[in-house]
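Protein sequences appear in the order of chains A and B. Taking the numbering used here, I'd label the letters of the first sequence as residues 41 to 283. Taking the numbering used here, I'd label the letters of the second sequence as residues 41 to 283. Cβ atoms here follow ideal geometry from the backbone N, Cα and C, with glycine treated the same way. Below: the structure, in structure tokens.
2 protein chains.
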Amino acid sequence: MNCILLPATNFSNDSAVINELSQISHVNKVLGATVGDTLKIGQLEGHLGTAVIKSISADSIQLCDIQLTMAPPAKLDLTVVLALPRPKVLRRLIMDMTALGVRDIILINSYRTQKSYWQSPMLERLDEFVLEGLQQGVDTIAPRIRLEKRFKPFVEDELASLITNRAIVAHPYSDLSFAQYLLQQTPQQSLRLPSLVCIGAEGGWIDYEIELLAAQDCTAVNIGPRILRTEAAVNAILGQWLL
Amino acid sequence: MNCILLPATNFSNDSAVINELSQISHVNKVLGATVGDTLKIGQLEGHLGTAVIKSISADSIQLCDIQLTMAPPAKLDLTVVLALPRPKVLRRLIMDMTALGVRDIILINSYRTQKSYWQSPMLERLDEFVLEGLQQGVDTIAPRIRLEKRFKPFVEDELASLITNRAIVAHPYSDLSFAQYLLQQTPQQSLRLPSLVCIGAEGGWIDYEIELLAAQDCTAVNIGPRILRTEAAVNAILGQWLL
């Protein structure tokens with residue numbers, strides 16, 4: 041937690057209140073902060089800044105001297121279409137994509153996504169994982185998240201309208217490497233990277249899925265001979281947007 | 041597990057045996073393979089290839105028709121100096137760095153590394169995490185791992201001799217971005233990337249550590265305004281080597 045984000049309703053004039061237990065525990069145990077100390081805070085969907093601790097009780101922390109002067113960092117011009125991963129991995133993936141600044145996340149069904157994943161209670165907790173990611177990445181604007189349980193209608197009817205620049209699909213068995221793909225593009229950094237990236241579940245996409253994606257102008261690219269965990273692959277690929 | 045790695049002692053002539061329970065369980069439960077099926081295998085420190093299942097019992101799987109014809113992928117010309125992370129994160133980090141093909145990993149003490157991490161039983165299990173990483177990344181050559189419990193003597197007396205090309209240290213508070221740093225280098229891809237990368241624990245490096253590293257020609261670079269989990273940062277940074 042590199043900043044503490046509070047909803048607008050927790051602010052009034054020059055004061056604010058922390059009443060989430062996880063945040064109170066972080067202030068007490070991790071930061072070891074006391075009355076008079078300054079905290080890094082932010083207003084959800086608003087600005088970032090600082091506040092001073094006025095008082096601490098078991099179930100709330102009162103803040104004063106609120107200074108919210110810094111705009112959140114710009115979102116990446118990036119939509120990630122991700123095959124719904126194992127519930128255990130979902131939390132970290134949502135956190136990481138949020139911290140990295142992905143603007144749109146689409147969790148989609150795929151042949152290798154187990155049906156039971158769609159029944160996972162973790163899917164009810166996406167807002168919580170997003171908040172963790174924003175507090176990690178020091179941002180206030182949540183990514184938009186959509187769930188698409190039907191692969192074919194989504195890809196055929198909706199995908200094309202979401203591609204503002206170009207699209208790729210990560211596929212270890214493509215002959216084209218991501219490096220070669222980027223060399224084919226304009227050297228202008230802002231246009232060099234695709235605006236939509238499709239990443240499969242463990243085991244990747246099946247040929248039929250790659251064909252449907254290709255028909256919507258998603259270019260299949262590999263990231264080398266090594267096969268990474270979905271989590272590692274997402275961060276390794278999205279790392280290109282940090283440069 | 042994208043291939044099953046066996047030590048040389050498990051091979052004889054044209055046959056081999058799997059006797060690790062985790063590997064037997066993978067063949068039975070994840071792959072659902074039976075007698076006559078072909079498996080992707082490899083010999084530790086040797087080649088990759090295939091084998092056919094000859095028989096399956098509760099505690100061993102006999103393999104025949106061993107074909108080990110493919111050399112493992114080249115290691116990256118890269119040494120990662122990593123502040124010893126939380127034990128829970130250590131397993132995934134060792135797995136991921138191994139799967140990505142890092143040649144040398146140096147786990148080092150830092151001001152923000154808790155003393156108790158050095159007593160973790162996880163440190164006795166590094167070989168196991170390396171094996172997981174190799175089987176994930178489809179490689180047979182383990183990275184070299186060193187533990188360095190004393191930061192200053194290591195940095196002052198040994199670090200310089202490990203830098204074959206150039207070195208960077210990831211530091212959110214550096215004014216120089218990794219992108220700017222790369223633009224300053226030769227455009228030749230093989231020489232463009234540094235050969236040694238220092239990455240801190242949660243909370244990063246303190247100024248004193250950055251100064252000691254800078255004195256050994258480690259250039260501090262940032263990867264943008266967003267702060268990532270150590271795990272996400274390692275994969276996002278090392279993703280540059282996949283291109």
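Nearest-angstrom beta carbon gap, residue j and residue i [assumed within contact, 8 Å]
i, j, result
"A/E188", "A/I148", "5 Å"
"A/V195", "A/Q256", "6 Å"
"A/I146", "A/V170", "Incorrect: roughly 14 Å between the Cβ atoms, too far for contact."
"B/V261", "B/Y213", "At roughly 11 Å, the Cβ-Cβ gap does not stay under 8 Å, so B/V261 and B/Y213 are not in contact."
"B/D99", "B/T204", "Actually they are not in contact, since the Cβ atoms of B/D99 and B/T204 sit about 45 Å apart, beyond 8 Å."
"B/G86", "B/A48", "7 Å"
"B/V209", "B/L253", "5 Å"
Within chain A, partners of residue i - CB distance below 7 Å
i, result
"B/A272", "D136, A139, N275"
"B/P113", "P265, R266"
Alpha-carbon to alpha-carbon, residue j and residue i
i, j, result
"B/Q107", "B/T90", "5 Å"
"A/M137", "B/I96", "42 Å"
"B/I58", "A/T78", "58 Å"
"A/E271", "A/I277", "10 Å"
"B/L140", "B/T180", "12 Å"
"A/D144", "A/G177", "16 Å"
"A/F191", "A/A56", "44 Å"
"B/L124", "B/I239", "10 Å"
"B/I246", "A/Q224", "41 Å"
"A/V92", "A/D54", "11 Å"
"B/L130", "B/M162", "8 Å"
"B/T109", "B/I81", "11 Å"
"B/P127", "B/V274", "16 Å"
"A/A111", "A/I250", "39 Å"
"B/R206", "A/I101", "47 Å"
"A/Q63", "A/E172", "10 Å"
"A/G76", "B/R152", "24 Å"
"B/D215", "A/L282", "15 Å"
"B/V67", "A/A219", "34 Å"
"A/L236", "A/C43", "29 Å"
"B/R165", "A/C104", "48 Å"
"B/G72", "B/M41", "13 Å"
"A/L61", "B/E242", "22 Å"
"A/R266", "A/Q83", "41 Å"
"B/K155", "A/Q175", "26 Å"
"B/A182", "B/S65", "23 Å"
"B/G244", "B/L122", "10 Å"
Interface partners of residue i on chain A, CB under 8 Å
i, result
"B/V142", "None at all; the shortest Cβ gap to chain A is about 11 Å."
"B/N42", "I267"
"B/F194", "Ordered by position in chain A, no residue passes the 8 Å Cβ test against B/F194, which lies about 27 Å from the chain."
"B/D179", "R266"
Segment limits, beta strand (DSSP E) that includes residue i
i, result
"A/L46", "44 to 46"
"A/L223", "No beta strand (DSSP E) holds A/L223; the alpha helix (DSSP H) holding it covers 218 to 224."
"B/T119", "116 to 123"
"A/V209", "207 to 210"
"B/I239", "236 to 239"
Delimiting residues of the alpha helix (DSSP H) encompassing residue i
i, result
"A/D77", "No alpha helix (DSSP H) contains A/D77, which DSSP labels as neither H nor E."
"B/Q175", "166 to 177"
"B/D144", "No alpha helix (DSSP H) contains B/D144, which is instead part of the beta strand (DSSP E) from 142 to 148."
"A/L61", "61 to 65"
"A/E251", "247 to 254"
"B/V195", "First-last for B/V195: undefined, no H or E at that position."
"B/V274", "270 to 278"
Within chain B, the residues that residue i reaches when beta carbons sit closer than 7 Å
i, result
"A/A182", "Here the premise fails: no neighbours, minimum Cβ distance about 14 Å."
Within chain A, partners of residue i - CB distance below 9 Å
i, result
"B/I263", "G279, L282, L283"
"B/L222", "L283"
"B/T218", "The question names Thr, but residue 218 of chain B in the sequence shown is Phe. By Cβ distance, chain A contributes L282, L283."
Identity of the residues DSSP links to residue i by a beta bridge
i, result
"A/M137", "DSSP, once it has assigned bridges, lists no residue as partnering A/M137."
"A/E85", "Partner(s): none; A/E85 has no beta bridge."
"A/R184", "A/D144"
"A/M41", "According to DSSP, A/M41 bridges with nothing at all."
"A/M110", "A/L88"
"B/N262", "B/S217"
"A/Q102", "A/V57, A/S95"
"A/F191", "Partner(s): none; A/F191 has no beta bridge."
"A/S52", "A/S55"
Closer than 9 Å at the beta carbon, the chain B residues around residue i
i, result
"A/Q176", "R266, I267, L268, R269, A272"
Short CB-CB distance (under 8 Å) between residue i and chain C
i, result
"A/A73", "As a matter of chain content, chain C is missing from the structure shown, whose protein chains are A and B."
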